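Chemist: Provided herewith is a single structure, encoded as structure tokens, for subsequent inquiry.
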Amino acid sequence: MAKLKINAKKASRRKLKKEKLSQYFWRYTHCLRSRSSLSRERVLTSDEFINTRKENKYMGRASKLASQVYQSIPRETRKYSQYRILTGEAIKLLRGGMEEHEIAERLLLLK
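Numbering of the sequence shown is given in the working numbering, commencing with residue 83 and proceeding in unit increments.
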């Protein structure tokens with residue numbers, strides 16, 4: 083593989099795209115890295131990512147349940163950490179096979 087000599091500060095977007103590189107700024111430094119072969123389409127369709135898609139569904143359902151319970155907490159006493167705890171509990175219960183209405187009731191007791 084040939085070495086690339088690219089000045090990260092002066093590189094054009096077209097050249098970076100052609101070389102399949104990503105440019106970003108991190109800790110006061112311009113950085114270059116090779117682009118990932120992973121695409122949204124591959125995650126959504128490939129059999130390799132079945133578990134990822136399954137966990138994403140759990141997370142989506144759990145965050146909606148936790149959000150409903152979190153909104154019922156008075157604004158003065160709400161803390162974002164409570165929402166994260168509620169979401170974590172909801173995911174555990176969903177994985178355990180509980181129904182959503184049962185989970186909502188249990189989360190209400192936790193708040």
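Quick reminder that beta carbons are idealized off the backbone N, C-alpha and C, glycines included. Computed from a prediction, not measured in an experiment: that's the story for all the values here.
Following the continuous beta strand (DSSP E) through Leu114, name the residue where it begins and the one where it ends.
Modeler: Taking the sequence shown and counting its residues from 1, the one referred to as residue 114 is at position 32. Segment 111-116, the beta strand (DSSP E) holding Leu114.
Chemist: If we count Cβ pairs, one from each stretch, closer than 8 Å, do we get three or more for the stretch 130-146 versus the stretch 157-164?
Modeler: No, because fewer than three Cβ pairs between the stretch 130-146 and the stretch 157-164 fall closer than 8 Å, the two stretches do not touch.
Chemist: Taking the continuous alpha helix (DSSP H) assigned at Leu120, which residues delimit it?
Modeler: Here residue 120 corresponds to residue number 38 of the sequence shown, with the count starting at 1. No alpha helix (DSSP H) holds Leu120; DSSP gives it neither H nor E.
Chemist: Under the three-state reduction of DSSP, which class applies to Phe163: helix, strand or coil?
Modeler: Residue numbering aside, residue 163 sits at position 81 when the sequence shown is read from its first letter. The question names Phe, yet the displayed sequence has Ser at residue 163. It is helical.
Chemist: Name, in chain order, the residues that DSSP records as bridge partners for Leu103.
Modeler: As a position in the sequence shown, residue 103 is number 21, starting the count at 1. Answer is Ser116.
Chemist: Short of 7 Å in beta carbon distance, which residues of its chain neighbour Ser145, apart from the five on each side in sequence? Order them along the chain.
Modeler: Here residue 145 is taken as the residue at index 63 of the sequence shown, counted from 1. These residues qualify, in order along the chain: Thr169.
Chemist: Starting from the C-beta of Ser149, find all residues in its chain whose C-beta is less than 8 Å away, skip the five residues before and the five after it, and write them out in chain order.
Modeler: One-based indexing of the sequence shown puts residue 149 at position 67. Closer than 8 Å at Cβ, skipping near neighbours: Tyr165.
Chemist: Ordered along the chain, which non-local residues of its own chain (more than five positions away) have a Cβ less than 7 Å from that of Leu189?
Modeler: Position 107 of the sequence shown, counted from the first residue, corresponds to residue 189. Counting only Cβ-Cβ distances below 7 Å, and skipping sequence neighbours, we find Leu147, Ala148, Val151, Leu168, Glu171, Ala172.
Chemist: Please confirm whether Leu114 and Leu126 have their CB atoms less than 7 Å apart.
Modeler: To locate residue 114, count along the sequence shown from 1; it is residue 32. To locate residue 126, count along the sequence shown from 1; it is residue 44. Contact flag unset, no.
Chemist: Please check the pair Arg143 and Leu191, which I expect to be a contact at CB under 8 Å, by giving their CB distance rounded to whole angstroms.
Modeler: Within the sequence shown, the letter at position 61 stands for residue 143. Within the sequence shown, the letter at position 109 stands for residue 191. The Cβ separation is near 19 Å, so there is no contact.
Chemist: Under the assumption that Arg193 contacts Ile155 (Cβ atoms under 8 Å), give the Cβ distance between them as a whole number of angstroms.
Modeler: Locating residue 193 in the sequence shown gives position 111, counting from the first residue. Locating residue 155 in the sequence shown gives position 73, counting from the first residue. Here residue 193 turns out to be Lys, not Arg, going by the sequence shown. About 6 Å; that satisfies the 8 Å criterion.
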